[in-house]
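When the letters of the sequence shown are read in order and numbered with the numbering used here, they come out as residues 775 to 940.
Cβ coordinates follow ideal geometry from the N, Cα and C atoms, glycine included.
Below: one structure, written as structure tokens.
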Amino acid sequence: MKKDFRVQYPLWQMAFIILFGFIAISLTGASSEMIQNDLEFSYSLQFPALESILLFITLAMTFILLIIFIMKITNHNKRHPQQKLSFWQIKPIEYLEEDEGMIYITRRAAQKVYTFFVWALPFVAMIYLLFNLSRLWIVIGILFLAFMQYLIFYIEVRKYLSKDED
């Protein structure tokens, strides 16, 4: 069951969250200039050397991981036609609801994530209210919360699946 793509899905989400964070950091280092008048319209975006290298590497890694991710979903759908996954489904992919045991595991993991958000959201909101932080820090805070959501879910599911396989 550990090799089930739905169990690995939170790890993929965490990787994409980290890559998005690097993209956000790279973009905040850019400077832009817009010229608009009756004769012309131009917009330029300039990146410092380090940010441009970071952005290029991050975009390349994102593209490669996205291709691998799509291949993994396609392979999962071929191997498990009764449990097909879709990019556009409303119910999160990580819900493992094949039988009562998996429903219990999913519910426990979702409860722990919910408990995390009950405490983390007011805490992060208070930090943002008390300190004058840039938009980058707000994005990083949101990405941190999303990362922790998937980490908590993954650890909880793995804990139960490790007990089942022993």
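Under the criterion of a Cβ to heavy atom distance below 7 Å, does Tyr783 qualify as lining the ligand NAD?
Ligands displayed in this structure: none; no statement on the ligand NAD is therefore possible.
In DSSP terms, what Ser860 is bridged to:
As a position in the sequence shown, residue 860 is number 86, starting the count at 1. Answer is none; Ser860 lacks a bridge partner.
With a threshold of 8 Å, are at least 3 pairs of Cβ atoms found where one atom belongs to the segment 884 to 891 and the other to the segment 801 to 811?
no
Can you list, in chain order, the residues of its chain with a C-beta nearer than 7 Å to that of Leu819? Leave out the 5 residues immediately preceding and following it.
The count along the sequence shown starts at 1 and reaches residue 819 at position 45. Once the five neighbours on either side are set aside, the close Cβ partners of Leu819 are Ala804, Ser806.
Is it a yes or a no for the segment 781 to 800 touching the segment 822 to 836, going by three-plus beta-carbon pairs under 8 Å?
yes
Suppose you measure from the CA of Asn906 to the CA of Phe897; what does that come to, to the nearest Å?
Start at 1 with the first residue of the sequence shown, and residue 906 comes out as number 132. Start at 1 with the first residue of the sequence shown, and residue 897 comes out as number 123. Answer to the nearest angstrom: the Cα atoms are 15 Å apart.
How many angstroms separate the CA atom of Tyr902 from the CA atom of Thr802?
Mapped onto the sequence shown, residue 902 falls at position 128. Mapped onto the sequence shown, residue 802 falls at position 28. Computed Cα separation, rounded: 19 Å.
Glu874 by DSSP, collapsed to three states: which one?
On the sequence shown, residue 874 is found 100 positions in, with the first residue counted as 1. Helix, per DSSP.
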